[in-house]
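Undergrad: Per numbering that gives the first Met the number 0, residue 0 is the first one in the sequence shown, and the count goes up by one each step.
All C-beta atoms in this analysis are idealised placements derived from N, C-alpha and C, irrespective of residue type, glycine included.
From a predicted model like this one, the values you see are computed outputs, not experimental measurements.
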Amino acid sequence: MAMAADDADQVKRDPEHAYPDHWEADVVLRDGGTARIRPITTEDAERLVSFYEQVSDESKYYRFFAPYPRLSAKDVRRFTHHDYVDRVGLAVTVGGEFIATVRYDRINADGMPASGPEADQAEVAFLVQDAHQGRGVASALLEHIGAVARERGIRRFVAEVLPANSKMIKVFTDAGYQQKRSFEDGVVRLEFDLEPTDRSLAVQRAREHRAEARSVQRLLTPRSVAVVGAGRSPNSVGRTVLRNLLAGGFTGRAYAVNAALPPDVTELDGVPAHRSVAEIGESVDLALVVVPAESVPEVVTDCGESGVQGMVVLAAGYAESGARGRERQRELVRHARSYGMRIIGPNAFGIINTSDLVRLNASLAPHSPERGRIGLFAQSGAIGIALLAGLHRRGAGVSSFISAGNRADVSGNDFLQYCYEDPETDAVLLYLESIGNPRKFTRLARRTAAVKPVVVVKGARHSGSTPPGHAVPVARIPDATVSALFRQAGVVRVDTVTELVDAGLMLTGQPLPRGPRTAILGNSESLGLLTYDACLAEGLRPLPPLDLTTGASPSDFQEALAAALADPGCDAVVVTAIPWVGEGGAPESGDGEVLAAALREAAATSPAKPVAVVHVEMGELAQALAAATSTGPGRNQVAAPFPTPTPESPPTAVSPASPEPEPEVEPETGPGPERGPGPETPPASGAAPTSTTPPSAPTPPPAMETAPETGPGTAPAPETPPRRRIPAYPAAERAVRALAEAVRYARWRREAAEPGRVPEYEDIDESGAAAQIEALLAADSDPRGLPLRADATRELLGRYAIVVRDALPAPGPDAAVAAAARLGYPVALKTTAPHLRHRPDLGAVRLDLADEEDLRRAYGELTEALGRPEELSLVVQAMAPRGVDTVVRASMDPAAGPVLSFGLAGAASELLGDVAHRLVPATDRDAAELIRSIRTAPLLFGWRGSAPVDTAALEELLLRVSRLVDDHPEVVGVALEPVVVAPEGLSVLGATVRLAPPVAREDLGPRRLPSY
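(1) Grab me the residues of PRO296's own chain with a C-beta within less than 7 Å of its C-beta, minus the 5 sequence neighbours each way, in chain order.
(2) Please classify SER908: does DSSP put it in a helix, a strand, or coil?
(3) Taking the beta carbon of MET111 as the centre, do at least 16 other beta carbons fall within 10 Å, making it buried, or is it exposed?
(4) Using 8 Å as the threshold, is the region 915-934 in touch with the region 952-964, meaning 3 or more CB pairs across them?
(5) Quick test of the definition: if touching needs 3 or more C-beta pairs under 8 Å, does the region 306-321 touch the region 342-352?
(6) Scan the region 403-453 and note each continuous beta strand (DSSP E) run of 3 residues or more that stays entirely inside, going in chain order.
(7) Secondary structure at THR220, three-state DSSP: helix, strand or coil?
(8) Mind reading off the beta-carbon distance from SER523 to THR441? Whole number of angstroms is fine, and I expect it under 8 Å.
(9) CB-CB under 6 Å to ARG888, same chain, minus the five flanking residues each way: which ones, in chain order?
(10) With SER482 as the anchor, note down where its beta strand (DSSP E) starts and where it stops.
(11) By DSSP, does THR709 sit in helix, in strand, or in coil?
(12) Hey, could you find the ends of the alpha helix (DSSP H) GLU852 is sitting in?
(13) Alpha carbon to alpha carbon, what distance is there between ALA737 and ALA315?
(14) Residues in the same chain with beta-carbon distance under 6 Å from TYR67, minus the five sequence neighbours each way, listed in chain order, please.
(15) In this structure, how does DSSP classify HIS614 when only helix, strand and coil are distinguished?
(16) Measure the C-alpha to C-alpha separation of TYR430 and PHE485 and round it to an integer number of angstroms.
(17) Nearest to ALA1019 by CA position, among PRO543, PHE940 and ARG327, is which residue?
(18) Beta-carbon within less than 8 Å of PRO655's beta-carbon, same chain only, minus the 5 sequence neighbours each way: which residues are those?
(19) If you draw a straight line from the alpha carbon of GLU266 to that of LEU359, how long is it in whole angstroms?
(20) Could you check which residue in PRO897, GLY591, TRP942 and GLY88 has the C-alpha nearest to that of VAL147?
(21) Give the secondary structure of LEU957 by DSSP, where H, G and I count as helix, E and B as strand, and everything else as coil.
(22) CB ALA601 to CB ALA571, shorter than 8 Å?
(23) Does DSSP classify SER165 as helix, strand or coil?
(24) Going by DSSP, what residues sit across from GLN178 in a beta bridge?
(25) Quick one: what does DSSP say LEU873 is sitting in, helix, strand or coil?
(26) Please classify TYR18: does DSSP put it in a helix, a strand, or coil?
(27) Is the region 941-955 touching the region 864-872, taking contact as three or more C-beta pairs under 8 Å?
(28) Where in the region 277-324 do unbroken runs of the alpha helix (DSSP H), each at least 4 residues long, occur, reported from the N-terminal end onward?
(29) Does GLU740 pass the burial test, meaning 16 or more other C-beta atoms within 10 Å, or should it be called exposed?
(30) Give me the residue from GLN177, ALA626, SER986 and ALA951 with the minimum Cα distance to ILE725.
(31) Do the CB positions of THR792 and THR480 come within less than 8 Å of each other?
(32) Skipping 5 residues on each side, what residues in its chain have a beta carbon closer than 8 Å to that of ALA731?
(33) GLU976 and VAL886 look like a contact to me (Cβ under 8 Å); what is the Cβ gap, rounded to whole Å?
(34) Give, in chain order, every unbroken run of the alpha helix (DSSP H) that is at least 4 residues long and sits entirely within the region 334-392.
(35) What is the rounded straight-line gap between the Cα of ASP546 and the Cα of ALA596?
(36) For ASN346, count neighbouring C-beta atoms within 10 Å of its own C-beta (all shown protein chains included) and say buried if the count is 16 or more, exposed if not.
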């Protein structure tokens, strides 16, 4: 149906009515499938009619309140012609066909059609195809139509629903908006404001978490797999992948697919062979694509038309090959998502799931790893191979593994959400080269780390370049900000792949330490001393090493370990072992299995505390300890019910007609600490003690919304093993570093159970600050931002009760004397020139000028040494009470959001990078930890007999700055330098503020998959 001439002319006249392509979005539905949401256009008439014909009479009745078997030509025109302002229609499509629609019409207070900003409400109505009800389609549509309405100035939706239409009523009531509900003339009338609330955002994120976790689960738990590209050559990549799949013991159905197979070839490696997926004639859940990149589009169409749920694309030739490959990669993702499929890759190494119900090795790894409790994600195939090999050598298995390659679709964020729900995963190890959405990663990591450890090694930390093949937006944030982001989220960050494995072994299958007190025992005094020194270097509190002498027997080790574990003053034990001396004086490694058995027996029969073994030239001991790999849940973890499908049951138990259940909203957990500066720094106010109570048991992750509690498809709860693995390390430093990470993570878990709060201050003038910011930006149109003048800076900061000491200009000696008379002696004379500001090491400041004579002499010295007065921009300021000079900053990172920073003033701190960071909004706990986390923090707490400063006032200042930048995203930069913190109170001697138009926050909008 063509657009009418008057409609076309209107679109040309008013660009606001042009097709809004930014409303297009790919979303993940509750069952893990994807769909596309887009505006309805005049070209959708046939799609709309076809869609309506597939809707049941009951659903039509609920939509129109009367029998309505078919749409008239007038209806079709009305539902496909929109101005995208007062009348908007969105459709959800899969495979290019409609499966749901939503429409709003702007109305006035009397419920009549209206136009213009004065009419700020609209009537909204949905229609979802019966076959797709229960997939979360309406909930996703409501999020997107709500965002569209807010963009067009609509603040409220009105919906009239028949009482019997309980599914639709539940969609509205569960959304989390403020609502009014009434009943009149046999119709339920719902009114709700569209301004996002904490509840609506929590509901939205909970749904996103569950849907994306389910989408990964569908990839890892297929009932049937087709290897597309398995040729007749036994040495081809496709045949290798097929053999690996079969050798791993895959419990489902396997097929070989190759378009070039001759008709007489019906079997390869014992599985049915076909020329296309469509030819199989049975449902296929997962396709492993190993054809050349040029042939992949045909495979995607074949898989999409055949109902395949997901694809692992091992083929190369995409973004890693240049601009043409990047465009090919974008088209691959768009093409696959149009059919509701998610993709791992391209250029992927593969995926693995060791569950006995699946046993999936859909990768290039010739041997499937042992079943274990570690979820492993790598953006690099080579690193993935190294991690699998390293874990295997150390006796640790994996629960699941994904090598994402170019990660064009499925990313580390998706894997995190899956691991959070998976009861067979106790720890998550991630190798990341880029973080496309730091805010979302932080949110997901904090949520996951509250119940199971997340260990990350970040590649490409300093190169500042996009990793080859990553066509996704890469957050170019400083590495220090990344560390702060990880630390607040409870993520254990390590520097190398070796440390990733070391920490993973310590955190899997072992109890979390109650504190830093570490016992050391072994048969080498020297190795014990090395371990003691390593403990001190890592911030642990080692007890005096116990030397068992070189003649110690395995029973001696067992008794000593049991005694150490029973000691209430001990939180963890490091056992050191070297070969002992035989009768002839020759060193002997002894029976490693006997010593390993003795250590395991002591650990199993003693109070639960972490144990690590350091061995030197005792390979048999390491092998024996590695052989004791545990396959049960770790003693420090809480398993969550996440259903694993059997080959006979679908991966999700979603009833197509079931209503959308109320989502369980998980609270955001609190921030975690970073390593303290040393024993002279007191703990943060309100912080949990480090050695008194164990980490509180977190609330286990809720079951998937559609998961049955029992019956087919539910994974049996693993039994706790009688003995747990004791990790072994070939060097004391590695063992202690891993143990220290466990101690810090355990402390974060304790503190996350009682997160800090963002305090309210009654003396903050938020509305006044907003009005001032709006006026300042309106007067300056520079999109790069506006540095405020000194008077505007003081006024804006003053609205948040941040007082900046007056600094009066001194263009000449007489002006300086007049300024000093006004302020009162003693005074300071300093330059504010950009190249000299905050550089006391260059002599640009004169302090404690007691009278006019001192002031004039200082003025002459500065101008003689540094330049003319007009070059120096000299100012006079009243002397502040003596204290410690510090710097407080806040800046807007385009990827991570506002960041609060703290450090001591001076070139030394800047040179050493001794600055701490926290993401905004900062809690009272964040502020307390921020000032204690820098290495020079002891200077604030009475170092070497100096007077401790007023840290409470400093923490309050940090919280007020945090509130300012959080309340007003237009404030993109704040620098308070120096802030002199005295024993009582503080003085802000210098301040700068920079404003800029705020950047839209995607994390507050409707959920959508990234589009590259």
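TA: On the basis of the supplied data:
(1) HIS334
(2) helix
(3) exposed
(4) yes
(5) yes
(6) 426-431
(7) coil
(8) Their Cβ separation, rounded to whole angstroms, is 43 Å, which puts SER523 and THR441 out of contact at 8 Å.
(9) SER900 and ALA974
(10) It is not in any beta strand (DSSP E) - SER482 instead sits in the alpha helix (DSSP H) that spans 478-487.
(11) With a pLDDT of only 34 at THR709, under the threshold of 50, the placement of this residue in the model should not be trusted; the figure read from the coordinates follows. THR709: coil per DSSP, three-state reduction.
(12) 851-865
(13) 36 Å
(14) LYS59
(15) strand
(16) 14 Å
(17) Residue 1019 lies beyond the residue range present for the chain, which begins at 0 and ends at 1011; the question has no answer from this structure.
(18) Only weak support is given to the placement of PRO655: the predicted model assigns it a pLDDT of 31, under 50, and the question is left unresolved by the model.
(19) 21 Å
(20) GLY88
(21) helix
(22) no
(23) helix
(24) PHE191
(25) strand
(26) coil
(27) no
(28) 295-304
(29) buried
(30) ALA626
(31) no
(32) LEU526, LEU529, THR530, ALA533, VAL573, THR575 and VAL613
(33) 5 Å
(34) 380-392
(35) 20 Å
(36) buried
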